[in-house]
Amino acid sequence: MTAAPTGQTRPDTAATAPLPGSVDPGLSGARAAIFGVGPGIGLECVRVLGALGAHVACVDLDPDRADAAAAEFDRWPGEGFALAADVCDRDDAERVVADATDALGGLDVVINVVGHGGPAVPVADMPDDVWTDVLRINLDHHFYVTRAAMRSMIAQRRGSIVLISSVNALGSSPQRAVYGIAKAGLISLAKSLAIEAAEHGIRVNTVAPGATRTPRRQHLAEGDLAAVYRDSIPLGRLAEPQEVARAAMFLASDLASYITGETLVIDGGASVKYCLPAGN
Ligand SMILES: NC(=O)c1ccc[n+]([C@@H]2O[C@H](COP(=O)([O-])OP(=O)(O)OC[C@H]3O[C@@H](n4cnc5c(N)ncnc54)[C@H](O)[C@@H]3O)[C@@H](O)[C@H]2O)c1
184 MTAAPTGQTR PDTAATAPLP GSVDPGLSGA RAAIFGVGPG IGLECVRVLG
234 ALGAHVACVD LDPDRADAAA AEFDRWPGEG FALAADVCDR DDAERVVADA
284 TDALGGLDVV INVVGHGGPA VPVADMPDDV WTDVLRINLD HHFYVTRAAM
334 RSMIAQRRGS IVLISSVNAL GSSPQRAVYG IAKAGLISLA KSLAIEAAEH
384 GIRVNTVAPG ATRTPRRQHL AEGDLAAVYR DSIPLGRLAE PQEVARAAMF
434 LASDLASYIT GETLVIDGGA SVKYCLPAGN
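Each residue of the sequence shown is one higher than the one before, starting from 184 at the first, in my numbering.
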């Protein structure tokens, strides 16, 4: 294991190293649907599951992103295929879950990555549409997609669902209060579902990433902001999207067979940092 070099934003080499071949998460042949497969955390989830032999329905609002993710499967033993859908539309969400389930012959794994922070604005100045839009893109569709997926999983008496939350759910979320509320709601949803679904052999968990170096957030690794983030995060760098995807894969897999209703925080120690002078 190599520590991140001080004064640089290069990732730890372990962040992007291949998974050790001796670990078998039991995902070969698994029937998975990943929602939000653009070139960030979602595409890395596709890559991690694809490399492990899963068959994956790659779902995105943008058909080109769905196609690009599915095209990666020429390298892997499993099959990948693209499905375009707007998961914020209830009917479209239910239609695409049904299409994925039919094409795969069942559904063992769901990873739902769709979401974003919305505009930075204090609550006192927040327009109504920011409140409703950010709840919609970060919370409502999880209800639509998960409810539809649960029906298939209950029938087959097995399944694993992973929802991508955020560290913004865990404490305050200044300038993005509604994003924090939506992501916290997602964690609560997963806990309730975990209890309701346990008797059907279904597990439900969340991943809470901190700042992650996806294309959308690349600016955090550059210029003046890079030093601010490096100094604020105990591990000294942003997360790589692969690191978040591996956490999602772990929770989705048999390696996590006794874990349900949990939130796995992937933030380089930022949320447990001691903010007062230590040792006094
Ligand atoms: N990048 C970070 O720093 C970070 C940190 C914490 C949490 N997260 C969370 O991780 C997730 C992924 O982040 P990312 O940076 O990889 O984002 P991203 O924008 O790269 O990926 C989101 C994908 O969802 C798709 N999408 C958007 N609306 C959709 C809809 N209505 N229906 C179907 N697909 C839709 C987009 O086309 C895109 O491909 C988000 O939920 C985000 O809140 C990200």
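For every residue, glycine included, the Cβ atom is placed at its ideal position computed from N, Cα and C.
Given the structure is predicted, the values throughout are model-derived calculations rather than measurements.
Give the secondary structure of residue i by DSSP, where H, G and I count as helix, E and B as strand, and everything else as coil.
| i | result |
| --- | --- |
| H238 | strand |
| S335 | helix |
| P364 | The sequence shown places Ile at residue 364, not Pro. I364 falls in the helix class under three-state DSSP. |
| T446 | strand |
| I320 | helix |
| V345 | strand |
| G354 | coil |
| D291 | coil |
| R413 | helix |
| T284 | helix |
| D243 | strand |
| P188 | Per-residue confidence for P188 stands at a pLDDT of 40, beneath the threshold of 50, marking its modelled position as unreliable; the derived number appears in the next sentence. P188 falls in the coil class under three-state DSSP. |
| T395 | strand |
Between the C-alpha atoms of residue i and residue j, what's the straight-line distance to the nearest angstrom?
| i | j | result |
| --- | --- | --- |
| Y362 | S355 | 10 Å |
| T446 | D257 | 33 Å |
| T192 | V220 | Residue placement at T192 cannot be trusted, given a pLDDT of 49 that sits under 50; what the coordinates show is reported in the next sentence. The straight-line gap from Cα to Cα measures roughly 25 Å. |
| I442 | T397 | 27 Å |
| A431 | P460 | 34 Å |
| V313 | V206 | 44 Å |
| R319 | G462 | 45 Å |
| D269 | C241 | 13 Å |
| G212 | A422 | 29 Å |
| G278 | G419 | The displayed chain sequence assigns Arg, not Gly, to residue 278. Approximately 43 Å, taken between the alpha carbons. |
| T185 | C458 | Residue confidence for T185 is low, a pLDDT of 40 falling below 50, so the modelled location carries little weight and cannot support an answer. |
| R230 | A265 | 14 Å |
| T189 | R413 | Residue placement at T189 cannot be trusted, given a pLDDT of 42 that sits under 50; what the coordinates show is reported in the next sentence. Cα to Cα, T189 sits roughly 9 Å from R413. |
| A187 | G393 | Legend: pLDDT at A187 = 42, less than 50; position of this residue unreliable, no value from coordinates given. |
| R341 | G384 | 5 Å |
| A386 | D407 | According to the sequence as given, residue 386 is Arg; it is not Ala. Cα-Cα distance, rounded: 41 Å. |
| V350 | D450 | 8 Å |
| R273 | L210 | 29 Å |
| F218 | S436 | 17 Å |
| P424 | F326 | 24 Å |
| A254 | T395 | 24 Å |
Measuring CA to CA, which of the options is closest to residue i?
| i | options | result |
| --- | --- | --- |
| Q358 | P305, T329 and S371 | P305 |
| H159 | V292, C458 and L322 | Outside the displayed span of the chain (184 to 463) sits residue 159, for which this structure offers no information. |
| P329 | T315, L346 and H402 | The question names Pro, but residue 329 in the sequence shown is Thr. For T329, the nearest C-alpha among the options comes from L346. |
| M336 | A281, A439 and D275 | A281 |
| E262 | D274, A286 and D245 | A286 |
| D323 | L210, A276, V448 and Q339 | A276 |
| P208 | G451, G444 and S440 | S440 |
| G223 | V427, K456 and F433 | V427 |
| A381 | M333, H402 and R400 | M333 |
| D316 | Q339, A365 and P417 | A365 |
| D195 | V455, H402, P310 and P417 | P417 |
Which residues bound the alpha helix (DSSP H) around residue i?
| i | result |
| --- | --- |
| F433 | P424 to A435 |
| P246 | P246 to A254 |
Under DSSP, the beta strand (DSSP E) around residue i begins and ends at which residues?
| i | result |
| --- | --- |
| L266 | G263 to A267 |
| T389 | I385 to P392 |
| R214 | R214 to F218 |
Inspect the beta-carbon positions of residue i and residue j and report whether they are closer than 8 Å.
| i | j | result |
| --- | --- | --- |
| R214 | G289 | yes |
| D243 | A249 | yes |
| S348 | I370 | yes |
| A267 | A216 | no |
| A373 | G444 | yes |
| V390 | L438 | no |
| A197 | L226 | no |
| A377 | S415 | no |
| C228 | V297 | no |
| P201 | G236 | no |
Counting contacts by CB-CB distance shorter than 8 Å, is residue i in contact with chain D?
| i | result |
| --- | --- |
| V292 | Absent from the structure is chain D; it holds one protein chain and no more. |
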